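**Q** Okay, here's the structure, questions in a sec.
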Amino acid sequence: MLSRSLQAILDYDKDDLAEVFGLTFVISLSLLGYSKEVELKENGAEIAVTQENKAEFVKVGVFYIFITIFILQNTEYKRVYYADHEVIRCFWEVFFEFTLEKRKKFLQFLMGTTRIPLQVHRFDRCFIIAHHFITSIFPYLSKHAVLCRLIHWHGKE
Numbered sequence: 001m002l003s004r005s006l007q008a009i010l011d012y013d014k015d016d017l018a019e020v021f022g023l024t025f026v027i028s029l030s031l032l033g034y035s036k037e038v039e040l041k042e043n044g045a046e047i048a049v050t051q052e053n054k055a056e057f058v059k060v061g062v063f064y065i066f067i068t069i070f071i072l073q074n075t076e077y078k079r080v081y082y083a084d085h086e087v088i089r090c091f092w093e094v095f096f097e098f099t100l101e102k103r104k105k106f107l108q109f110l111m112g113t114t115r116i117p118l119q120v121h122r123f124d125r126c127f128i129i130a131h132h133f134i135t136s137i138f139p140y141l142s143k144h145a146v147l148c149r150l151i152h153w154h155g156k157e
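Its first residue numbered 1, the sequence shown is counted upward by one per residue in the UniProt record's numbering.
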């Protein structure tokens with residue numbers, strides 16, 4: 001459904017695209033019980049999608065969604081953490097507040113690159129979130145795996 005909607009935007013060739021679709025550089029995501037409107041670029045809520053920028057809108061929107069889904073689907077939880085653990089829910093809540101640029105930086109932090117592997121089905125380096133007891137150096141990323149060690153915290157602060 002999303003792909004058809006995006007394709008409809010790309011296929012629309014009349015000058016009244018902004019009026020017909022009423023879109024700005026904002027998308028709505030609803031994942032893991034979180035609903036969030038995200039600006040795809042700075043001041044995205046004030047930037048109308050037009051014939052001139054519709055390709056950019058589709059490109060950054062798809063990339064943002066793909067990064068989100070890619071990281072969620074390739075996450076494994078270790079030790080005391082599980083998908084619905086309060087720390088993990090807080091972690092994802094903070095992650096869902098990230099802008100596209102922050103998500104790219106997060107992906108860079110995790111994998112050493114902002115590029116998603118072309119053959120995702122062959123991706124064998126899951127993002128692992130594990131509990132750790134030392135509190136002075138977190139979040140911590142292992143050199144040998146995509147392992148993010150989080151301490152147990154309460155709240156987003």
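Every residue, glycine too, gets a C-beta built ideally from N, C-alpha and C. Since the structure is predicted, the reported quantities are computational estimates derived from the model, not experimental observations.
Are V26 and A48 closer than 8 angstroms when you measure CB to CB?
**A** no
**Q** How many Å lie between F98 and L10 at the Cα?
**A** 26 angstroms
**Q** Please say whether I67 and R103 have beta carbons closer to each other than 8 angstroms?
**A** yes
**Q** Determine the contact status of V60 and L100, defining contact as a CB-CB distance below 8 angstroms.
**A** yes
**Q** Can you tell me the Cβ-Cβ gap for Y64 and V38, rounded? I've got them flagged as a contact below 8 angstroms.
**A** Between the beta-carbon of Y64 and that of V38 there is about 7 angstroms, and that keeps the pair under the 8 angstroms contact cut.
**Q** For L17 versus T50, is the C-beta spacing smaller than 8 angstroms?
**A** yes
**Q** Is it buried or exposed for K14, if we count other Cβ within 10 angstroms and need 16 for buried?
**A** exposed
**Q** Which residues mark the beginning and the end of the beta strand (DSSP E) in which T75 is found?
**A** 75 to 78
**Q** Hey, F36 and F91: beta-carbon distance below 8 angstroms or not?
**A** Checking the sequence, you will find Lys at residue 36 rather than Phe. Cβ distance not < 8 angstroms, so K36 and F91 don't count as in contact.
**Q** What separation, rounded to the nearest whole angstrom, lies between the Cα atoms of H85 and L40?
**A** The alpha-carbon atoms of H85 and L40 are separated by roughly 29 angstroms.
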